[in-house]
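Here's the structure we're looking at; comments come further down.
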Amino acid sequence: MPAVDENHVIAERREKLKAIRENAKLNGGVAFPNDFKPEHQAVALHAEFGGFENEVLQPRAVHVSIAGRMMLKRVMGKASFATVQDSTGRIQLFVSKDNFTDENSEAIYESFKHWDLGDIIAAKGVLFKTKTGELSVKVSELRLLTKSLRPLPEKFHGLQDQEVKYRQRYVDLMMSEETRATFIARSKVVSAIRSFMLDNQFLEVETPMLHPIPGGASAKPFITHHNALDMQMYMRIAPELYLKRLVVGGFERVFEVNRNFRNEGLSVRHNPEFTMMEFYAAYTDYLWLMDFTERCIRAAAIAACGTAVLQYQGRELDLSKPFQRLTIVGAIQKYAPQYTLEQLNDADFLRAEILKFGTKPFDHAGLGALQLALFEETAESQLWEPTYIIDYPVEVSPLARASDANPEITERFELFVTGREIANGFSELNDAEDQAARFHAQVKAKEAGDHEAMYYDADFIRALEYGMPPTGGCGIGIDRLVMMITDSASIRDVILFPHMRPEA
RNA sequence: GGGAGAUUAGCUCAGCUGGUAGAGCAGCGGACUCUUAAUCCGUUUGUCGCGAGUUCGAUCCUCGCAUCUCCUACCA
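FYI, the numbering for the first sequence is 0 to 503, going by numbering that gives the first Met the number 0.
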């Protein structure tokens with residue numbers, strides 16, 4: 000399908016490409032050559048030679064070959080400067096026909112004058128420094144490798160339209176050093192986490208993305224259909240139940256970094272597909288997990304930023320200090336001290352109070368669930384410094400092990416940073432009969448109208464019946480972690496191709 | 001789902017109380033051998049998001065629609 004947004008600038012460039020094709024035909028060449036192999040990159044050259052004075056540099060005759068996108072061009076009659084950008088950064092070319100080795104120097108220079116910003120070009124030459132001290136390449140060979148048909152955004156202001164930045168991320172990446180830095184940081188975060196897990200004897204695994212029964216979380220799934228089996232399938236909402244099957248199988252430490260899909264709303268904190276790192280370690284519990292998760296996140300921040308003391312949206316965020324730990328009730332008392340302990344243990348009071356915030360709790364919600372709801376309304380958004388919230392009620396934690404001391408609460412935590420949930424972990428429920436009973440309760444809740452309640456997963460129960468060692472497991476939301484580490488306000492800024500409505 | 005705002009040249013943006021639209025960049029032509037968003041001279045480019053309505057006349061006022069952004073809700 001031809002592009003519908005043709006304009007006179009593109010038309011001009013198509014004419015130039017046509018001439019390039021014809022010229023290539025005459026000379027036995029091709030319009031889109033692929034025989035140039037750059038041997039150097041911009042930033043490495045600056046690092047290695049940027050410190051030399053020209054009097055030292057030029058006599059050394061450092062020959063280099065580079066390639067990249069032409070971002071700026073300044074023609075001054077018989078000599079020109081051009082700025083080329085490769086994957087590492089930018090370097091300036093000094094182009095004069097006097098320096099060309101090819102005998103057609105006049106023709107090459109004339110064609111160069113008509114090349115456009117955005118074209119991919121290649122150059123060979125020697126390094127020198129200009130009068131103003133900028134490291135540059137005195138070009139002896141110059142080639143056009145790829146003609147660009149579409150004009151770049153305005154060279155000074157760059158791409159400003161947020162919609163285009165998301166839809167045409169390739170243009171955003173060309174134009175914005177900041178966007179490139181964000182996704183480089185994301186890559187560093189993911190590889191740091193992977194290294195951290197491998198260093199701690201975890202095995203990286205891949206479990207199904209297509210589930211016959213959605214499980215492992217409370218969320219609405221995407222539904223799809225398998226033609227050959229003529230069956231409904233679900234895009235996974237969490238890998239949890241499969242990872243625990245692996246622990247049953249004897250892989251005592253496993254982790255998976257991959258996508259989850261949830262058929263829910265979009266916001267600056269939610270994308271329909273998002274990345275989780277979920278891990279399980281046999282013979283550990285939620286206390287061990289909190290310590291481990293904390294170290295993992297700190298390592299990721301240091302890998303990406305060089306420090307664990309960050310700035311987020313203009314406010315300091317210190318990941319170097321030990322993360323705080325508060326119970327749900329303790330967090331309410333700290334951040335909403337207007338409530339008395341008596342009120343916080345009064346289900347009727349809580350129910351009325353939560354209604355004031357415009358949220359209607361389920362009729363079957365118990366004291367713990369009501370306390371949690373009030374926590375979410377009053378305290379959650381204030382948890383700027385990393386804080387583990389613990390003592391989640393059993394009724395909202397159908398996969399977590401109950402506390403040995405108090406059967407109403409679980410050995411579970413959620414980690415909040417900058418007012419957002421970043422991680423969720425718990426000592427796993429490994430009592431198959433208890434798990435079966437909890438699934439039955441979920442099925443009942445579903446029948447009672449709770450659409451996000453879980454399904455009964457008979458194979459998972461069968462797996463637990465073989466015996467799963469006592470285990471701790473946790474999931475870390477990678478996108479939100481990267482938001483935090485890269486000082487990004489929206490989840491869309493840390494996802495290369497965020498979900499968008501189709502173009503009109 | 002609810003609310004607020006945005007949409008003007010390829011890009012970045014102006015456009016007064018309603019009288020059919022401008023600048024800079026990019027493009028095209030020219031000058032220029034150390035520029036840095038190069039500079040200087042000349043010059044091309046518009047379904048003013050889409051569709052109705054009010055009006056002699058709508059980029060501007062009204063209504064509807066589309067997309068995006070932010071807030072809010074469900075949620076991680």
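Glycine residues also receive a C-beta, built at the ideal position from the N, C-alpha and C atoms.
In this structure the region 108-127 does not touch the region 446-456; the number of beta carbon pairs closer than 8 Å is below three. Residue state for Thr386 is assigned as strand, using DSSP reduced to three classes. No Cβ-Cβ contact shorter than 8 Å links Glu410 with Tyr279. Counting C-beta pairs with one atom in each stretch, the region 110-120 and the region 68-77 have three or more that are closer than 8 Å, which means they touch. Of all alpha-carbon atoms in Ala10, Val29, Ser135, the one lying nearest the alpha-carbon of Ile19 is that of Val29. Taking 4 residues as the minimum length, the alpha helix (DSSP H) runs contained wholly in the region 70-129 are 104-112, in order along the chain. If you draw a 10 Å sphere on the C-beta of Met75, you find fewer than 16 other C-beta atoms in it, and that means exposed. Apart from sequence neighbours up to five positions away, the residues of its chain that approach Val61 with a beta-carbon distance below 8 Å are Phe48, Val125, Leu126, ordered along the chain. For Tyr285, the enclosing alpha helix (DSSP H) covers residues 285-304. Nearest to Tyr233 by alpha-carbon distance, out of Phe35, Ser217, Arg268, Ile212, is Ile212. Between the alpha carbons of Ala422 and His269 lies a gap of roughly 14 Å. Around the beta carbon of Ala447, fewer than 16 other beta carbons lie within 10 angstroms, which makes this residue exposed. In this model, Leu428 and Asp317 are separated by some 33 Å (Cα to Cα). Thr358 is classed as exposed because its beta carbon has fewer than 16 other beta carbons within 10 Å across all chains shown. Rounded to the nearest angstrom, the gap between the Cα atoms of Arg168 and Phe496 is 7 Å. Excluding sequence positions up to five before and after Met196, its CB lies within less than 6 Å of the CB of Phe254, all in the same chain and listed in chain order.
Shown here, His39 sits in coil according to DSSP, grouped into three states, outside any helix or strand. Between the alpha carbons of Leu144 and Glu272 lies a gap of roughly 37 Å.
The DSSP-derived three-state label of Asp317 is strand. Beyond the five residues adjoining it in sequence on each side, Ala191 comes within less than 6 Å, by CB distance, of Ala298, Ala299, Ala302 in the same chain, given in chain order. By the criterion of at least three beta-carbon pairs nearer than 8 Å, the region 240-256 is in contact with the region 199-211. Under the three-state reduction of DSSP output, Met453 falls in the coil class, being neither helix nor strand. In this structure Thr181 touches Asp492 by the C-beta definition: roughly 6 Å separates them, less than 8 Å. Residue pairing by DSSP puts Met276 in a beta bridge opposite Val256, Ile475. Looking only at Lys355, Ser139, Glu384, Ala364, the smallest Cα-Cα distance to Thr377 is reached by Lys355.
According to DSSP, Ala440 shares a beta bridge with no other residue.
Pairwise C-beta distances place the region 226-243 in contact with the region 459-469, as three or more of them are shorter than 8 Å.
For a cut-off of 8 Å, the C-beta gap from Thr339 to Cys473 is around 33 Å, too long to register as a contact. In the structure shown, Glu427 adopts extended strand secondary structure according to DSSP, grouped into three states.
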